[in-house]
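Residue numbers 1 to 96, in full-length UniProt numbering, belong to the letters of the sequence shown in order. We put the beta carbon where it would ideally sit given N, CA and C, even for glycine.
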Amino acid sequence: MRNVCADFECELVEFNGEHDHVHLLVGFPPKVALSTLVNSLKGVSARYLRKEYDSHVREYLWGGHFWSRSYYAGSTGGANLTTVRTYIQGQDRPTR
1 MRNVCADFEC
11 ELVEFNGEHD
21 HVHLLVGFPP
31 KVALSTLVNS
41 LKGVSARYLR
51 KEYDSHVREY
61 LWGGHFWSRS
71 YYAGSTGGAN
81 LTTVRTYIQG
91 QDRPTR
């Protein structure tokens, strides 16, 4: 995730998740199209996970796909980044 963000001149500030989704706090410049960044993050991570852990992740695929097509993006606006970072860190890490 960090390498993909760097390729887009973005900063992966925080990363965590639960058994069925992940949370990323990413700082990115206005020139980056969010949909392009998300598609790249999903594509690269899916290829990596399938390559490294294929037998394990195979049972969790959605119709043959590692990620669903949807995503949620929200702006932190004026929120304190420490507050957002703490929220993400408080999520359960995937255990499977």
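{"Item": "Among Asn3, Glu14, Asp7, Glu9, nearest to valine 84 - alpha-carbon criterion", "Value": "Glu14"}
{"Item": "Proximity to arginine 69 [Cα-Cα], best of Met1, Leu41, Thr76, Leu25", "Value": "Leu41"}
{"Item": "Bridge-paired residues (DSSP) for phenylalanine 15", "Value": "Leu24"}
{"Item": "Beta-carbon proximity list for valine 34, same chain, < 7 Å, skipping 5 on both sides", "Value": "It should be noted that the sequence gives leucine, not valine, for residue 34. Ala73, listed in sequence order."}
{"Item": "Where the alpha helix (DSSP H) containing threonine 86 begins and where it ends", "Value": "81-89"}
{"Item": "Sheet register partners of tryptophan 62 (DSSP bridge)", "Value": "His65"}
{"Item": "Residues near cysteine 5 by beta carbon distance below 8 Å, same chain, minus five either side", "Value": "Glu11, Leu12, Val26, Phe28, Leu37, Leu41"}
{"Item": "Of the residues Gly77, Gln89, Val44, Lys51, the one placed nearest aspartate 7, counting alpha carbons only", "Value": "Val44"}
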